[in-house]
Amino acid sequence: MNDSSVLEVRHGTLTIDGETVFYREAGPEAAPVLLLPHGYPCSSFQYRRLMPALADRWRTVAPDFPGFGYSGTPDPARFGYDFDAYATFLERFTDALGLGSYALWLHDYGSQIGLRHAIAYPSRIKALIIQNGDIYADALGPKYETIRRFWRDPSPANRAPLEKAVSEDGFRAEFVGEVDDDVAQRVPPDLWKLHWPLMDTPVRRALSVGLMEKLKANLDWFPRYQGYLRERRPPAMILWGPKDEYMPEPAARAYLRDLPEAELHLLNDAGHWLLETHFEAALPLVRRFLGEVLH
Numbered sequence: 001m002n003d004s005s006v007l008e009v010r011h012g013t014l015t016i017d018g019e020t021v022f023y024r025e026a027g028p029e030a031a032p033v034l035l036l037p038h039g040y041p042c043s044s045f046q047y048r049r050l051m052p053a054l055a056d057r058w059r060t061v062a063p064d065f066p067g068f069g070y071s072g073t074p075d076p077a078r079f080g081y082d083f084d085a086y087a088t089f090l091e092r093f094t095d096a097l098g099l100g101s102y103a104l105w106l107h108d109y110g111s112q113i114g115l116r117h118a119i120a121y122p123s124r125i126k127a128l129i130i131q132n133g134d135i136y137a138d139a140l141g142p143k144y145e146t147i148r149r150f151w152r153d154p155s156p157a158n159r160a161p162l163e164k165a166v167s168e169d170g171f172r173a174e175f176v177g178e179v180d181d182d183v184a185q186r187v188p189p190d191l192w193k194l195h196w197p198l199m200d201t202p203v204r205r206a207l208s209v210g211l212m213e214k215l216k217a218n219l220d221w222f223p224r225y226q227g228y229l230r231e232r233r234p235p236a237m238i239l240w241g242p243k244d245e246y247m248p249e250p251a252a253r254a255y256l257r258d259l260p261e262a263e264l265h266l267l268n269d270a271g272h273w274l275l276e277t278h279f280e281a282a283l284p285l286v287r288r289f290l291g292e293v294l295h
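UniProt numbering puts the last residue of the sequence shown at 295; the count rises by one with no breaks.
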């Protein structure tokens, strides 16, 4: 492999438990690793700019979860499509690539999946970059009320807004619905226009709604996530877009309760998808932090 090729994003597949897993990778194979589990409602596509921008010094690896992006969609009888199942997937994916240690990026659903993985394999985790990932129940934003209403009364009427959110319009709202217009203009429509056709199947729509339903059970894990941070104290940087009605600024500051030494960077007019809108501001912070903790 020549020097220039490691700076480019490479695309590959693995077979895990009989299913195809798509992943993106950049950087030298022997370089320190940054593992990039994606959030919702996206796929590894969300890291397409970050990966080549780090590839001169670090190996970045980003899988598509089963049922997302270009990965296969296992039969629900064989794959649970819950946070435990995805944490097990992350274990098998890292084992398949022979990844023994890495920094871990925590974003959205990837934060809970990643932290379950970290609890199971604490010695692998060299550092955390935390981007809009919620693990503090008292700091959840107002947008959670729709989901809470369903948790309190799982009626068809209360489930309907969750189903409506799993649509092209719903995905668009996730990407641009909370930031100011001038910031929203920086978000490429490819994020929902290209991703929605990949998700528009009965199983994938159902798993997307199901993950929102299963967030209630995930709340029971919040103290365990916090306990891991408090006890292990991994080096951490909190990189946050506060214009996020699921995870506003208090959700970012809450991490300092258990990680008081962590860096906190609030990109003030950014929202949930700051790598789309504030990439130039975020990248130097990420590079400096990784240079300090991952070498």
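We treat Cβ as the ideally placed atom computed from N, Cα and C, and that holds for glycine.
Proximity of residue i and residue j at Cβ, strictly below 8 Å
i, j, result
"ILE135", "TYR225", "yes"
"GLU19", "GLY72", "yes"
"GLY100", "GLU245", "no"
"PHE150", "GLU213", "yes"
"VAL286", "LYS243", "no"
"GLY69", "PHE45", "yes"
"PRO52", "GLU8", "yes"
"THR277", "VAL166", "no"
"HIS38", "PHE65", "yes"
Residue i: first and last residue of the uninterrupted alpha helix (DSSP H) it sits in
i, result
"GLY12", "No alpha helix (DSSP H) contains GLY12, which is instead part of the beta strand (DSSP E) from 10-16."
"LEU35", "Counting along the chain, LEU35 falls outside any alpha helix (DSSP H), though it belongs to the beta strand (DSSP E) covering 33-35."
"GLU280", "279-293"
"TYR144", "144-152"
"THR88", "83-97"
"PHE222", "222-232"
"PRO156", "156-165"
"GLU52", "In the sequence as displayed, the identity of residue 52 is Pro instead of Glu. Per DSSP, PRO52 belongs to the alpha helix (DSSP H) from 50-54."
Bridge partners - residue i, DSSP secondary structure assignment
i, result
"VAL209", "VAL209 is not bridged to any residue."
"LEU264", "ILE238"
"ILE125", "TYR102"
"GLY177", "In DSSP, GLY177 forms no bridge with anything."
"GLY271", "LYS243"
"ILE130", "LEU106, ILE238"
Beta-carbon proximity list for residue i, same chain, < 7 Å, skipping 5 on both sides
i, result
"ARG204", "GLY67, THR73"
"PRO161", "THR146"
"ARG232", "PRO122"
"PRO76", "VAL203"
"GLY12", "TYR23, GLU25"
Residue i versus residue j: straight-line alpha-carbon distance, rounded
i, j, result
"GLU280", "GLN131", "15 Å"
"LEU256", "LEU264", "8 Å"
"ILE16", "TYR228", "28 Å"
"PRO250", "GLY241", "11 Å"
"SER111", "ILE125", "13 Å"
"TYR47", "ARG159", "31 Å"
"PRO235", "GLU261", "8 Å"
Nonlocal neighbours in the same chain, by C-beta distance under 8 Å from residue i, ignoring five residues either side
i, result
"LYS164", "GLY170"
"ALA137", "LEU219, PHE222"
Opening and closing residue of the beta strand (DSSP E) in which residue i lies
i, result
"ALA26", "19-26"
"PRO63", "59-63"
Contacting residues, own chain, Cβ-Cβ under 6 Å from residue i (five flanking each side not counted)
i, result
"ASN2", "Note that ASN2 scores a pLDDT of 47, beneath 50, so its modelled location is shaky; the value from the coordinates is reported in the next line. Nothing listed; no residue qualifies."
Beta carbon proximity, residue i to chain D, threshold 8 Å
i, result
"TRP192", "As a matter of chain content, chain D is missing from the structure shown, which is built from one protein chain."
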